[in-house]
Every structure is written in C-alpha cells, then in structure tokens.
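Let me begin by presenting the structure, written as structure tokens, before commenting on it.
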Amino acid sequence: MISKTISGVLNGIEGIPIEIETFISRGLPSHQIVGLPNQVIKESKERVRSAIKNAGYQFPDQRITQNMSPANIRKEGSHLDLPIAVGILASEFESNFAYLNSVAFVGELSLVGEIKPVKGILSLLDGFKKAGIAHVVCPAENVTEAKYVEGLALYPYASLELLMKDMIAGRLIEYEDRNVPKKENPHYDMDFEDIIGQSQAIRAVEIAAAGFFNMLLIGPPGCGKTMIAERIATILPTLTLQEKIELTKVYSLSDENTSYDLVELRPVRAPHHSITRPSLVGGGNKLEPGEVSKAHNGVLILDEFPEFRKEVIEALREPMVNGKIQITRNQRTADFPAGFMLVATMNPCSCGYYLSATQSCMCNIYEIRRYLNKISGPILDRFDLHLFMDRVSLDSKACSSSRELRERIQVAENHRRGRGQTVPNAKMGKGDINRFCNLSEEAKTMMTRYYSEGKLSMRRYDKLLKISRTIADLESVQLIERHHIMEAMQYQNLERLKKSL
Ligand SMILES: [Zn+2]
C-alpha cells in the first residue's frame with residue numbers, strides 16, 4: 239500500500255509544506271528514502287527504526303521506499319523523523335489512520351521514541367497555515383512557542399508511543415490553552431541611569447529612538463559613546479506580539495535561542511570590526527541569519543565604524559534600504575528580515591581628540607580630513623543623525639532612567655499611530671511625508687529658504703522633515719514648528735564639519 243504524510247521544510251524563515259509517500263512491498267528488507275541529502279537520511283533512518291521498535295511496534299521486515307515531494311526543494315532537518323516514522327507505521331494501521339490526509343507532522347525522534355523539540359517551529363506552522371493545512375502534530379516541548387500561530391489546531395505529543403495509541407484510537411488530543419502567559423517584565427541589565435552627563439547626546443538618542451533613526455556618534459575615547467549605544471534598545475517601545483514572532487523565527491535558526499520560547503526583548507548586536515561579510519549578512523551551508531537579521535527590530539552597533547572593512551559596510555546597503563536581506567548559497571535563496579536601527583561610533587581623528595575640550599589633538603588638518611573622509615558621502619548619507627560628544631566632568635548630573643525615556647518615546651509612538659501612520663518616521667516614504675509632515679507657515683518659509691539657498695539636498699531636506707516630525711511627536715503636536723526644525727538641524731554636525739575643513 240501507499241500512504242501519504244504531510245510535513246514541511248525550512249527555507250530561511252519560510253516554511254514550505256512537503257508530502258512524504260511511503261510504499262511498502264515484499265522483497266528483501268530495505269529502507270530507501272528519496273529526496274534527502276545522504277548524511278541526513280542515514281541519521282534519520284537509524285533514529286526512526288530504533289524509535290518505532292522502542293515505541294512497541296515492529297519495524298516492517300520488507301522493502302520500504304519513501305519519496306519526498308516536491309522534488310525541487312531541498313529537504314533537511316531532524317524534524318522529518320516523525321513524519322517518516324508515521325508514514326511507515328501507517329502501512330500497518332491503514333484503516334484507522336483517519337487523520338493522515340489532513341494533519342502535518344513535525345518532530346525529531348530519540349532512539350527510545352521520545353518526540354524532541356525542533357527549530358523553526360513558528361516558520362513551519364506559518365507555512366502550513368498558508369497552505370490551508372489546519373492540523374499539526376508537534377513536539378510537546380515546542381507548544382509554548384507554537385501556540386502563538388493562530389488558526390491552527392495543535393496536537394502536542396512527547397512520545398511516539400502515545401501518539402500512535404491516540405492515532406489508532408482515532409482521537410488526537412488538541413491543545414486548548416491559548417492564553418498568553420503573564421511573564422515577569424523582561425528587562426535589560428543596563429539603564430540610561432548609569433550614564434553621567436551627556437544630556438545633549440541623550441536628547442539626540444531620544445529623538446533617534448522615537449523615530450527609529452540611524453545614528454553616528456563621534457567623540458574622543460572614553461566619552462561614553464559605546465555605553466550610550468548599548469542602552470538605546472532599553473528605551474525603544476516594547477515589542478508587539480507580531481514583532482516577537484518575527485524575531486523568534488530568526489533566532490530559532492541560530493544556536494542562540496535554546497529555550498523554545500518567544501524572544502521578548504529587542505536585540506542589541508555589537509559585532510567586532512573584524513567581522514566578515516557572511517557573518518554580518520548571513521549565509522553558511524544551512525543559510526543561517528547574520529548579525530543584520532539578529533538585530534531585526536533592535537539595534538545594530540558598529541563600534542569604531544571606520545575600522546570595519548569596506549565590503550562589510552557596503553553590505554549594509556541592501557538591508558538599510560529594504561529592511562530585509564536576500565542570501566544565496568548553494569543555489570538556494572532565502573529572505574531574512576533585517577530592519578535594524580544602526581548606531582555607529584567613531585573617533586573624530588586618528589588621535590581621538592579633535593574638537594575635544596579636555597585634551598588637545600595631535601593631528602594636522604590633512605590627517606583629520608583624511609580620517610573623516612574614511613566615511614564617504616554616500617555612507618554618511620545613511621545616517622540620519624550625527625552627533626559630536628566630548629568627555630564630561632565627573633560632577634555632571636546623572637541622566638534620566640531608561641523607563642522615563644521609554645515613556646516619553648511611547649508618547650511619541652502613540653501620537654504617530656494616532657494619526658494613522660504605520661511606519662516609524664525614519665521609514666516614511668514621499669507619500670507619508672506629504673501627508674504627515676505638516677509645517678506651520680513660519681516653518682514652511684524657513685524650509686523653503688534653506689532649500690532655495692542650496693543649503694540642503696533633497697535627501698537632506700526629507701531627513702530634516704522626518705527628524706522635525708519626530709521632535710514634534712515627542713511634544714504630541716500636529717504641526718511642525720520652526721523650533722523643531724532648528725533643533726533637528728543640530729544633528730547634522732559631521733557634514734557641516736567636513737565641509738568646513
Ligand atoms: Zn587628533
């Protein structure tokens with residue numbers, strides 16, 4: 239007889255349903271699986287054989303052929319153990335397996351027949367849902383994560399033996415508890431309270447965080463650039479459930495999230511400047527997400543920005559424009575989300591003290607110019623705000639707490655959503671700008687004057703509007719006023735400095 243079982247595979251964070259046909263016939267005992275890479279078949283076959291025996295069933299002493307389709311997609315992953323085993327057992331209990339045609343199976347088997355949790359469960363389930371498959375048998379340990387995909391009936395099982403018993407009896411037990419558990423407020427170990435002084439920089443950070451703007455912090459060594467950058471995620475609005483799911487899909491593919499639960503906090507990624515292009519954007523044999531995707535919905539910090547390789551900085555262009563990245567490897571292509579806020583830091587010159595009030599700079603004007611020119615015009619253009627910082631004296635006041643800052647940013651966020659704007663201010667397109675960036679008469683005159691005097695490129699003009707919009711949002715006002723624009727203009731320091739040199 240031939241049985242069919244449904245399962246799925248992953249391509250990046252996309253789940254694709256597949257079908258496994260099992261044909262058992264007389265002949266010399268053998269087990270052939272078509273459509274899997276060799277190494278994976280070998281391991282899977284061993285686990286399946288042992289698990290079936292330990293679940294109390296006989297492994298058929300016949301010729302078993304299993305075929306996975308469609309043929310043109312790459313199938314791998316230990317989560318295929320369960321559908322392979324179910325396919326084989328289905329031949330024995332043919333008449334009773336009423337579920338087989340409408341249920342998808344996902345799970346890794348241990349040698350004793352336990353159903354072990356798998357990676358990428360949210361992606362797999364989303365794939366089933368899109369294909370109209372509404373019932374899924376999944377590992378019991380995956381259910382805390384799996385239950386967030388709505389509109390699917392889940393049947394979590396911890397062992398092959400229990401699953402078989404229920405399947406033979408014709409009743410799978412559905413998971414009912416759809417309540418989102420109340421978790422203790424997740425929090426970071428860092429806080430803006432730790433920072434002394436730097437009120438101007440913190441104000442710029444507040445604006446950047448409220449609009450999700452990319453930021454370049456320039457200042458002498460030890461002035462606190464990195465400390466500030468690391469804390470930006472602590473003041474971003476709390477992740478929505480949809481954002482958590484997206485992030486969990488990404489982390490589920492890396493070895494970093496082993497809890498089989500939702501990612502709760504916005505990520506902060508700070509790769510070293512020696513990072514290679516593949517580690518930054520993703521790749522590898524299994525098409526794993528890179529730092530840009532692990533920073534999705536969070537902050538990507540590039541400390542000592544001029545020290546990063548040119549090709550690495552260049553590779554940031556695609557994700558910064560599209561909010562996602564496409565990776566091609568071994569004739570496979572996958573899309574990963576990569577919508578991060580970039581925060582880069584750099585010294586103002588090679589000695590580090592140009593423009594510092596605390597120590598004098600040893601560089602001559604040519605050296606300074608050469609150093610700053612490491613950041614070319616097009617790259618500088620990707621930063622919405624740049625800001626010069628200096629060391630502060632120790633008696634400076636401590637900064638607002640992360641909670642206070644986050645509350646202010648939440649006010650701006652609510653104001654933005656209240657006017658029907660779905661994207662953060664940094665991501666506004668032309669249409670959004672025309673619709674939402676309304677200027678007072680005075681502000682209009684001012685912008686027109688700057689523009690006609692040639693002080694602003696079109697791109698800078700738009701950026702200025704978006705930043706001004708954000709400052710107005712922090713005050714919960716509809717119209718952009720002159721003073722909003724005046725403040726926004728302060729955060730374009732580096733461009734002005736480069737021109738003056
Ligand atoms: Zn210097």
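Count the sequence shown with this note's numbering and you get residues 239 to 739, in order.
Beta carbons: idealized from backbone N, C-alpha and C, even for Gly.
As the structure is a prediction and not an experimental result, all values here were calculated from the model.
What number of angstroms, rounded off, separates the C-alpha of G351 from the C-alpha of E284?
-> Going from the Cα of G351 to the Cα of E284 covers about 12 Å.
Note the first and the last residue of the continuous alpha helix (DSSP H) segment covering I606.
-> I606 -> alpha helix (DSSP H) spans 603-610.
Going by CA-CA distance only, name the one from T660, A448, P475, K693 that's closest to T708.
-> A448
Going by CA-CA distance only, name the one from V286, C587, E552, E412 that's closest to V341.
-> Ranked by Cα distance from V341, the options V286, C587, E552, E412 are led by E412.
Terminal residues of the continuous beta strand (DSSP E) containing G615?
-> G615 -> not in any beta strand (DSSP E); alpha helix (DSSP H) instead, spanning 615-618.
What is the chain-ordered set of residues for which the beta carbon lies under 5 Å from any non-hydrogen atom of ligand 1?
-> C587, C589, Y592, C599, C601
Can you give me the start and stop residues for the alpha helix (DSSP H) that V324 sits inside?
-> 319-328
Opposite D573 in the DSSP bridges: which residues?
-> Q564
Which residues DSSP lists as bridging K242, in chain order | E259
Hey, Q304 and I353: beta-carbon distance below 8 Å or not?
-> no
Nearest to T514 by alpha carbon, out of E552, P575, V506?
-> E552
Put T382 into one of helix, strand or coil per three-state DSSP.
-> helix
Which one of T683, A396, M453 has the shortest CA to CA distance from F626?
-> When only C-alpha atoms are compared, the closest one is M453.
Apart from the five residues on each side of it in sequence, which residues of its chain come closer than 6 Å, Cβ to Cβ, to E542?
-> H511
Taking only runs of the beta strand (DSSP E) that begin and end inside the segment 446-487, which ones reach a length of at least 3 residues, in chain order?
-> 453-456
Have a look at S361, V559, V324 and flag the residue whose alpha-carbon is nearest the alpha-carbon of E388.
-> Checking every option, the nearest Cα to that of E388 belongs to S361.
Using 10 angstroms around the beta-carbon of H425, count the other beta-carbons present and answer buried if the total reaches 16, otherwise exposed.
-> exposed
Euclidean distance between Cα positions of A471 and V381 | 29 Å
M666 by DSSP, collapsed to three states: which one?
-> coil
Identified DSSP bridge partners for A636 = Its beta-bridge partners are I434.
Return the CA-CA distance between I440 and R641, expressed in angstroms with no decimal places.
-> The C-alpha of R641 is placed about 14 Å away from the C-alpha of I440.
Alpha helix (DSSP H) containing V537: first to last residue?
-> Premise fails: V537 lies in the beta strand (DSSP E), 537-540, not in any alpha helix (DSSP H).
Chain-order list of residues whose beta-carbon lies under 8 Å from that of R264 (same chain, five-residue window excluded) | Within the same chain, R264 has close Cβ partners Q300, R301.
Host alpha helix (DSSP H) of N305 (start-end) | Unbroken run through N305 is the beta strand (DSSP E), 301-307; no alpha helix (DSSP H).
Just grab the DSSP bridge partners of G253 for me.
-> G253 pairs with L248.
Can you say whether N535 is buried or exposed, counting buried as having 16 or more other CB atoms within 10 angstroms of its CB?
-> buried
Which term fits G577, buried or exposed, when burial requires 16 or more other beta carbons within 10 angstroms of its beta carbon?
-> buried
Which whole-angstrom value describes the C-beta separation of E346 and D319, a residue pair presumed to lie in contact below a C-beta threshold of 8 Å?
-> 5 Å
Rounded C-beta distance between S245 and I258? I'm assuming under 8 Å.
-> 6 Å
Any chance the segment 582-598 sits against the segment 695-706, with 3 or more Cβ pairs inside 8 Å?
-> The segment 582-598, when compared against the segment 695-706, does not touch it at the 8 Å Cβ threshold.
Looking only at C-alpha atoms, which of R697, V581, S397, A446 sits nearest to A710?
-> Relative to A710, the option among R697, V581, S397, A446 whose CA is nearest is A446.
When you compare only the Cα positions, how much space is there between L327 and V344?
-> 15 Å
Element boundaries [alpha helix (DSSP H), containing I723] | From DSSP, the alpha helix (DSSP H) with I723 extends over 720-727.
Shortest alpha-carbon distance to P298 belongs to which of R673, E252, D493, T260?
-> T260
Report all residues from its chain with a CB closer than 7 Å to the CB of S531; omit the five preceding and five following residues, and keep chain order.
-> Cβ neighbours of S531 within its own chain (closer than 7 Å, five residues either side excluded): V488, G520, I563, F574, P575, A576.
Same chain, Cβ closer than 6 Å to R644, five either side skipped, listed in chain order = I473
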